[in-house]
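Q: In terms of our numbering, the numbers along the sequence shown are unbroken and rise by one, the last being 806.
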Amino acid sequence: MSKILLKNGYVLITSDSQVEKLDIFIDNGEIKEIFKNGDLPDFILLDKDVIVYDLSNKLITPGLINTHTHVAMSHFKSMADDLSFKEWLYDSMLPREDLLKTEYIYNASFLSMLEMISNGITCFADMFMFVDETAKAVVNSGMRAYLSRGLAFDTPEGWKRRIDENLASYEKYNGYDNRIYIGFGPHAPYTVDLEHLKEVGLLAKKLDSHIQIHLLEAAWEKSQYSLKDIENTGLFANPTIAAHCVNLDEDDIKVLSVNRVNVSHNPCSNLKLGNGAAPIVDLLKHNINVTLGTDGSASNNSLDIMKEMYVAGITQKSKYSPESIKTVDLLRMVWDNAAFALNEKIGRIEKDYKADLTVFDLNCPEFFPFDFNRLKSHLVYSASSKNVWATMINGVWKYYDKKFVDVEVDKIYEKFQFYYEKLEDDFNRFDNGSDN
Ligand code: NI
């Protein structure tokens, strides 16, 4: 990996900082030094191996982090927009999901990663089957990813097969290039009973791995379990990201707080499926680590964390009051809090942190008036992912000057489309099939 100097950019070190004009020196995928603009030492100025990028009129921020998605679900985008959650899940989603085979996954996952990279997202947490195929796409896309094998219990044999696949993926990809990590993804307490959640908790503990789970997404789940039940399985003894957490009572909130469960708030998916607005302001009052996720393309339908930030802000203001959630709270969710949930040196532009960066073009109407005191508000409420100009992951440009850098994008689109048509063809011929 090359030595890189990013010169003349405006830099937001993290959510609590003020924007400053700084130069950033990157080596071997990490941020090595940060200098006041123009204040560069000889060891950089005289080093002919340093590649210099002039980022005048650009805003450099930590890379945006998406803590809950299902990248392989791009096949199901815009398929069932106007259905209830139950109809969406049981009539539309699951019958198609049952038809998925290995060959459908790589390009579907890659397509989602292209969307995220062009939206300034550098890192994501994912839950799905066929983890090896998604991991291969992560290897080639260059993204940072926390992948978990989606687990559901039907029969003891089916369960064993899924766990074995999960463990094999862990062996194969955990720690790859210091940017792929494999965890466990028990889908939800209504698809995995308490006994098997306990088993997953013990496995994750043994491997020092992480958990991703959907919790209390829809109102009907409330009658089936409480978070106290899940706590008693020991699952939360592991680093856990709980997606959704919409329908919580006081006791549930206490359980999340006491067990330091990280919440992935997915406002667009929750609102679109009619599941409501999660009580995020209450969670923040209880010092719960709240992050943001897009959920998969099937429910959202876009993988755009800037949009989530905006919708999270306006929804909470509407649910509570305009003062209840601040711009900085929302920025923390995509940087500091997400990095904390993933236990990774990302989400800040600081010495020895990973060089995961998002670059915005300030020469756009959304960023005027140009005023350091307003830039962070512009980011949340005025700008959008269309203002993303470049994305760097692990010290490598994956998107630059609004173009993908080292991917044959057309090939991905073409192959994705081929398998999409094959899947729809399968769906029209069979009612349902396998047991993924
Ligand atoms: Ni989800």
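Backbone N, C-alpha and C define an ideal beta-carbon position, used for all residues, glycine too.
(1) What three-state label does DSSP hand Glu-403 in the structure shown?
(2) If we count the other Cβ atoms within 10 Å of its Cβ and call it buried at 16 or more, is Val-628 buried or exposed?
(3) Considering only the alpha carbon of each residue, which of Leu-429, Asn-477, Leu-434 lies closest to Glu-791?
(4) What I want to know is whether the C-beta of Asp-665 ends up closer than 7 Å to one or more non-hydrogen atoms of the ligand NI.
(5) In its own chain, which residues sit with a C-beta less than 6 Å from the C-beta of Phe-606, not counting the 5 before and 5 after it?
(6) Is any non-hydrogen atom of the ligand NI found closer than 7 Å to the C-beta of Ala-613, if you look at the structure I gave you?
(7) Are the Cβ atoms of Lys-768 and Ile-487 separated by less than 8 Å?
(8) Any heavy atom of the ligand NI closer than 7 Å to the beta-carbon of His-438?
(9) Buried or exposed: where does His-438 fall if 16 or more other Cβ atoms within 10 Å of its Cβ makes it buried?
(10) Short of 8 Å in beta carbon distance, which residues of its chain neighbour Leu-453, apart from the five on each side in sequence? Order them along the chain.
(11) I want to see whether chain E comes within less than 8 Å of Thr-492, judged by CB atoms only; does it?
(12) Closer than 7 Å: is that where the CB of His-580 sits relative to any heavy atom of the ligand NI?
(13) First and last residue of the beta strand (DSSP E) that includes Asp-393?
(14) Is any non-hydrogen atom of the ligand NI found closer than 7 Å to the C-beta of His-445, if you look at the structure I gave you?
(15) Flag His-584 as yes when its Cβ comes closer than 7 Å to any non-hydrogen atom of the ligand NI, and as no otherwise.
(16) Rank Asn-659, Arg-514, Gly-666, Phe-738 by C-alpha distance to the C-alpha of Arg-702 and give the top, closest one.
(17) Classify Lys-598: buried if its beta carbon has 16 or more other beta carbons within 10 angstroms, exposed otherwise.
(18) So, is Glu-784 buried or exposed, given that buried needs 16 or more other C-beta atoms within 10 angstroms?
(19) Do you know offhand how far Ile-383's Cα is from Thr-685's?
(20) Alpha carbon to alpha carbon, how far is Lys-530 from Val-616? Give it in angstroms, no decimals.
(21) May I have the straight-line CA-CA distance separating Val-501 from Arg-519, to the nearest angstrom?
(22) Are Asn-640 and Ala-647 close, meaning C-beta to C-beta below 8 Å?
(23) On the three-state DSSP scale, how would you describe Cys-638?
(24) Just list the residues that DSSP pairs Asp-424 with in beta bridges.
(25) Can you tell me the Cα-Cα spacing of Leu-700 and Ile-475, whole angstroms?
(26) DSSP on Pro-521, reduced to helix/strand/coil?
(27) Looking at C-alpha atoms only, which residue of Val-570, Leu-573, Val-562, Ala-574 is the closest neighbour of Tyr-595?
(28) What residues in its chain sit with their C-beta under 8 Å from that of Glu-736, if we drop five residues either side in the sequence?
(29) What does the Cβ neighbour count give for Glu-565, buried or exposed, with the cut at 16 atoms within 10 Å?
(30) Keeping to the same chain, check which residues put their C-beta closer than 6 Å to that of Leu-429; ignore five residues upstream and five downstream.
(31) Do Gln-388 and Phe-738 come within 8 Å of each other at the CB atom, strictly closer than that value?
(32) Does the beta-carbon of Val-779 have 16 or more other beta-carbons within 10 angstroms, so that it is buried, or is it exposed?
(33) Secondary structure at Ile-658, three-state DSSP: helix, strand or coil?
(34) Assign Gln-582 to one of three DSSP states: helix, strand, or coil.
(35) Rounded to the nearest angstrom, what separates Asn-472 and Phe-788 at their Cα positions?
(36) Compute the distance between the beta-carbons of Ala-593 and Val-651, then report whether it is under 8 Å.
A: Quick look at the numbers:
(1) Position 33 of the sequence shown holds residue 403. In the three-state DSSP reduction, Glu-403 falls in the strand class (E or B).
(2) Mapped onto the sequence shown, residue 628 falls at position 258. Its Cβ having fewer than 16 others within 10 Å, Val-628 is exposed.
(3) Against the sequence shown, residue 791 aligns to sequence position 421. For Glu-791, the nearest C-alpha among the options comes from Asn-477.
(4) Along the sequence shown, read from residue 1 onward, the residue named residue 665 stands at position 295. The answer is yes for Asp-665.
(5) Against the sequence shown, residue 606 aligns to sequence position 236. Contacts found: Asn-629, Val-631.
(6) Mapped onto the sequence shown, residue 613 falls at position 243. Yes - the ligand NI has a heavy atom lying nearer than 7 Å to the Cβ of Ala-613.
(7) Translated into positions along the sequence shown, residue 768 becomes position 398. Translated into positions along the sequence shown, residue 487 becomes position 117. It is a contact, given that the beta carbons lie within the stated cut-off.
(8) In the sequence shown, the residue the question calls residue 438 occupies position 68. Checking the Cβ of His-438 against the ligand NI gives yes.
(9) Numbered from its first residue, the sequence shown carries residue 438 at position 68. It counts as buried.
(10) Walking along the sequence shown from the start, residue 453 turns up at place 83. Counting only Cβ-Cβ distances below 8 Å, and skipping sequence neighbours, we find Asp-461, Ser-462.
(11) Among the protein chains of the structure shown there is no chain E, as only one such chain exists.
(12) Position 210 of the sequence shown, counting from 1, holds the residue named residue 580. Not under cutoff, so the answer is no.
(13) Numbered from its first residue, the sequence shown carries residue 393 at position 23. Unbroken beta strand (DSSP E) run through Asp-393: 390 to 397.
(14) As a first step, residue 445 is located in the sequence shown; it is residue number 75 there, counting from the start. No, the ligand NI has no heavy atom inside 7 Å of this Cβ.
(15) For this step, residue 584 is matched to residue 214 along the sequence shown. Yes, the Cβ of His-584 comes within 7 Å of a heavy atom of the ligand NI.
(16) Indexing the sequence shown from 1 puts residue 702 at position 332. Of the candidates Asn-659, Arg-514, Gly-666, Phe-738, the one whose C-alpha sits nearest the C-alpha of Arg-702 is Asn-659.
(17) For this step, residue 598 is matched to residue 228 along the sequence shown. Around the C-beta of Lys-598, fewer than 16 other C-beta atoms lie within 10 Å, and the residue is accordingly described as exposed.
(18) Your numbering for residue 784 matches position 414 in the sequence shown. The residue is exposed, with fewer than 16 neighbouring Cβ atoms inside 10 Å.
(19) In the sequence shown, counting from the first residue as 1, residue 383 sits at position 13. In the sequence shown, counting from the first residue as 1, residue 685 sits at position 315. Between the C-alpha atoms of Ile-383 and Thr-685 there is a straight-line separation of about 27 Å.
(20) Residue numbering aside, residue 616 sits at position 246 when the sequence shown is read from its first letter. Residue numbering aside, residue 530 sits at position 160 when the sequence shown is read from its first letter. Near 31 Å, if we compare the C-alpha coordinates of Lys-530 and Val-616.
(21) Translated into positions along the sequence shown, residue 501 becomes position 131. Translated into positions along the sequence shown, residue 519 becomes position 149. Approximately 6 Å, taken between the alpha carbons.
(22) The residue labelled residue 640 in the question sits at position 270 within the sequence shown. The residue labelled residue 647 in the question sits at position 277 within the sequence shown. Yes, Cβ-Cβ distance for Asn-640 and Ala-647 is below 8 Å.
(23) Numbered from its first residue, the sequence shown carries residue 638 at position 268. It is helical.
(24) As a first step, residue 424 is located in the sequence shown; it is residue number 54 there, counting from the start. Asp-424 has Lys-377 as its beta-bridge partners, per DSSP.
(25) As a first step, residue 700 is located in the sequence shown; it is residue number 330 there, counting from the start. As a first step, residue 475 is located in the sequence shown; it is residue number 105 there, counting from the start. Each residue's Cα considered, the two are about 32 Å apart.
(26) Residue mapping note: residue 521 aligns to position 151 of the sequence shown, counting from 1. The sequence shown places Leu at residue 521, rather than the Pro named in the question. DSSP places Leu-521 in strand when its eight states are reduced to three.
(27) As a first step, residue 595 is located in the sequence shown; it is residue number 225 there, counting from the start. Here the closest residue by C-alpha is Val-562.
(28) Counted from its first residue, the sequence shown places residue 736 at position 366. Once the five neighbours on either side are set aside, the close Cβ partners of Glu-736 are His-748, Ser-752, Ala-753, Ser-754, Asn-757.
(29) If you number the sequence shown from 1, residue 565 lands on position 195. Of the residues assessed, Glu-565 falls on the exposed side of the cut-off, its CB having fewer than 16 other CB atoms within 10 angstroms.
(30) Looking up residue 429 in the sequence shown gives position 59. Sequence-distant partners of Leu-429 (beyond 5 residues in either direction) whose C-beta falls short of 6 Å from its own C-beta, in its chain, are Tyr-380, Phe-730, Leu-732.
(31) On the sequence shown, position 368 is the one that residue 738 refers to. On the sequence shown, position 18 is the one that residue 388 refers to. The Cβ atoms of Phe-738 and Gln-388 lie no closer than 8 Å to each other.
(32) The residue given as residue 779 occupies position 409 in the sequence shown. The residue in question, Val-779, is exposed, as its Cβ has fewer than 16 Cβ neighbours within 10 Å.
(33) Here the question's residue 658 lines up with position 288 in the sequence shown. Ile-658 carries a coil assignment under DSSP once its states are collapsed to helix, strand and coil.
(34) Taking the first residue of the sequence shown as 1, we reach residue 582 at position 212. Correct three-state label for Gln-582: strand.
(35) If you number the sequence shown from 1, residue 472 lands on position 102. If you number the sequence shown from 1, residue 788 lands on position 418. The sequence as given places Thr at residue 472; Asn does not occur at that position. CA-to-CA, the gap between Thr-472 and Phe-788 works out to about 14 Å.
(36) To locate residue 593, count along the sequence shown from 1; it is residue 223. To locate residue 651, count along the sequence shown from 1; it is residue 281. Note that residue 593 is Ser in the sequence shown, not Ala. Result no, Cβ atoms of Ser-593 and Val-651 do not sit closer than 8 Å.
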